[in-house]
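Undergrad: Have a look at the structure that comes next, please.
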Amino acid sequence: MDGAQVTATAPVFILLGPPGAGKGTQARMLQDAHGLVQLSTGDLLRAAVAAGTEAGKAAKAVMESGGLVSDEIVIAILKDRLADADCAAGVILDGFPRTTGQAAALDALLADSGQHINAAISLEVDDTAMVARISGRFTCGGCGEGYHDVHKPTAVQGTCDKCGSTNMKRRADDNAETVAQRLKEYHAQTAPLIAYYGDKGVLQSLDAMGEIDAIAATLSGMVKDATG
Ligand code: AMP
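Following this note's numbering from start to finish, the sequence shown increments by one per residue and tops out at 305.
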C-alpha cells in the first residue's frame with residue numbers, strides 16, 4: 078500500500094461535547110486503543126501560547142476569557158498539524174470544529190485529501206455537572222495524562238500513574254467564571270454542529286455522564302464499527 082492510499086482511507090473521528098464532557102480523556106484512550114492520533118486544538122493553542130508564536134499571542138487573552146479563538150487561527154493550526162506524517166494513521170479531533178465555519182473548512186480539507194468523516198460522536202452531559210467536573214481536573218506535565226480529583230485520582234497522590242512524573246498542572250481557564258463563558262460559547266457556536274453532522278448522516282451520540290471506562294468501551298465499539 079502506498080502513502081497516498083493510506084492517507085485517503087485514514088479514518089477521521091470528531092468528538093463533540095461541552096467543556097468537561099471528557100473529550101480529551103476519551104480521545105487519549107481511543108488513541109491508545111486504536112492507533113489513531115488525538116488532535117486537540119486546545120492543546121495546540123496552549124503550545125502556541127507557551128511558545129510565544131504570533132498565533133499564540135493572538136489567542137492568549139481570548140482563551141483566558143473563555144471565548145473562541147478566531148476560525149482563521151484555529152484552522153491554520155489544525156491544517157498544519159493534519160499535514161504531519163503521523164496523522165496518516167487516522168485522527169480523533171478533540172475540540173475541533175467548534176463553529177460551522179470550522180466544520181466547512183474541515184469538509185474542504187478532507188475533500189482535498191480524499192478523506193471523509195467516519196463519525197462525529199456527541200458526548201452528552203448535564204451542564205450543571207460540568208463546572209464541578211472541570212474544577213477537579215488536572216494533567217500530568219510529563220506525559221499529558223488527564224486526572225480528576227474525584228473521578229480519576231492518581232494511585233499515589235501527586236504522582237502520574239503512567240510516567241511517574243510529579244509535575245501536575247491545572248489549567249488557568251478551569252475556573253468557574255471562565256467555564257461559564259466556555260459553556261455559553263459551546264451552546265451558541267458549537268451545539269449547532271450536532272444538527273450539521275446529523276444532516277450529513279455521520280452523527281452518533283452517547284450518554285457521557287457515567288464511568289470513564291464504560292464510556293470508553295462504548296466509544297471504542299463505535300469507532301471500530303465506523304472504521305474501514
Ligand atoms: P479546550 O482545551 O478544547 O477546552 O480549549 C481551550 C480554549 O482554547 C477554548 O476555550 C478556546 O478559547 C480555545 N479553542 C480550542 N479549540 C478551539 C476551536 N476549535 N475554536 C476556537 N477556539 C478554540
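Positions of the beta carbon are idealized from the N, C-alpha and C atoms, including for glycine. Model, not experiment: these values are computed from the prediction.
Quick one: residues in its chain with C-beta nearer than 6 Å to the C-beta of Asp238, no 5 flanking neighbours on either side, listed in chain order?
TA: Indexing the sequence shown from 1 puts residue 238 at position 161. Cβ neighbours of Asp238 beyond the five flanking positions: Thr231, Ala232.
Undergrad: Within its chain, find whatever has a CB closer than 7 Å to the CB of Met106; leave out the 5 residues flanking it on each side and keep chain order.
TA: In the sequence shown, counting from the first residue as 1, residue 106 sits at position 29. Only Ala293 meet the Cβ criterion.
Undergrad: For Ala81, is the classification buried or exposed, using 16 other Cβ atoms within 10 angstroms of its Cβ as the cut-off for buried?
TA: Against the sequence shown, residue 81 aligns to sequence position 4. With a pLDDT of only 41 at Ala81, under the threshold of 50, the placement of this residue in the model should not be trusted; the figure read from the coordinates follows. Exposed: under 16 other Cβ atoms inside 10 Å.
Undergrad: Measuring CA to CA, which of Leu122, Ser142, Thr86 is closest to Ala166?
TA: Looking up residue 166 in the sequence shown gives position 89. Ala166 has its Cα closest to that of Thr86, out of Leu122, Ser142, Thr86.
Undergrad: I need the DSSP call for Gly223, collapsed to helix, strand or coil.
TA: The count along the sequence shown starts at 1 and reaches residue 223 at position 146. In the structure shown, Gly223 sits in a strand (DSSP, three-state: E or B).
Undergrad: Taking Leu145 and Glu262 to be in contact with their CB atoms under 8 Å, please state how far apart those CB atoms are, rounded to whole angstroms.
TA: For the purposes of this step, residue 145 is taken as residue 68 along the sequence shown, with counting starting at 1. For the purposes of this step, residue 262 is taken as residue 185 along the sequence shown, with counting starting at 1. That pair is a contact at about 5 Å.
Undergrad: In three-state terms, what does DSSP make of Pro88?
TA: One-based indexing of the sequence shown puts residue 88 at position 11. It is coil, neither helix nor strand.
Undergrad: Can you list, in chain order, the residues of its chain with a C-beta nearer than 8 Å to that of Met78? Leave out the 5 residues immediately preceding and following it.
TA: By one-based count along the sequence shown, residue 78 stands at place 1. Residue confidence for Met78 is low, a pLDDT of 37 falling below 50, so the modelled location carries little weight; the figure read from the coordinates is stated next. Around Met78: no qualifying Cβ.
Undergrad: Of the residues His111, Gly219, Met286, which one's Cα is nearest the Cα of Ala206?
TA: Residue mapping note: residue 206 aligns to position 129 of the sequence shown, counting from 1. Considering only alpha carbons, the answer is Met286.
Undergrad: Does DSSP put Met299 in a helix, in a strand, or in coil?
TA: Along the sequence shown, one-based indexing puts residue 299 at 222. Helix at Met299.
Undergrad: If the criterion is Cβ atoms closer than 9 Å, does the pair Leu280 and Leu296 meet it?
TA: Reading the sequence shown from its first residue, position 203 is the one you call residue 280. Reading the sequence shown from its first residue, position 219 is the one you call residue 296. Result no, Cβ atoms of Leu280 and Leu296 do not sit closer than 9 Å.
Undergrad: Cβ of Asp226 within 8 Å of any heavy atom in ligand 1?
TA: Here residue 226 refers to the residue found at position 149 of the sequence shown. No, the Cβ of Asp226 stays beyond 8 Å of every heavy atom of ligand 1.
Undergrad: For the alpha helix (DSSP H) containing Ile169, name the first residue and the last one.
TA: Looking up residue 169 in the sequence shown gives position 92. Looking at the DSSP string, Ile169 is not in any alpha helix (DSSP H); the run it does join, the beta strand (DSSP E), is 168 to 171.
Undergrad: Among the residues of its own chain, which have a CB less than 7 Å from the CB of Val300, if the five just before and after it don't count?
TA: Start at 1 with the first residue of the sequence shown, and residue 300 comes out as number 223. Around Val300: Phe90, Leu107, His111.
Undergrad: In terms of alpha-carbon separation, which member of Gly278, Ala98, Gly94 lies closest to Ala209?
TA: Position 132 of the sequence shown, counting from 1, holds the residue named residue 209. Out of Gly278, Ala98, Gly94, Ala98 has the C-alpha closest to the C-alpha of Ala209.
Undergrad: For the putative contact between Lys246 and Ile289, defined by C-beta atoms under 8 Å, what is the C-beta separation to the nearest angstrom?
TA: Position 169 of the sequence shown, counting from 1, holds the residue named residue 246. Position 212 of the sequence shown, counting from 1, holds the residue named residue 289. Between Ile289 and Lys246 the Cβ distance is about 20 Å, and since that is not below 8 Å, they are no contact.
Undergrad: Does the beta-carbon of Ala132 have 16 or more other beta-carbons within 10 angstroms, so that it is buried, or is it exposed?
TA: Residue 132 sits at position 55 when you count from the first residue of the sequence shown. So Ala132 ends up on the buried side.
Undergrad: So, at 7 Å on beta carbons, what are the nonlocal neighbours of Lys100 in its own chain, with the 5 sequence-adjacent residues on each side left out?
TA: As a position in the sequence shown, residue 100 is number 23, starting the count at 1. Excluding positions up to five away in sequence, the list reads Leu92, Gly94, Asp171, Gly172, Leu200.
Undergrad: Excluding sequence positions up to five away, which residues of its chain have a Cβ less than 8 Å from the Cβ of Ala138?
TA: By 1-based counting over the sequence shown, the position of residue 138 is 61. Correct list: empty, nothing qualifies.
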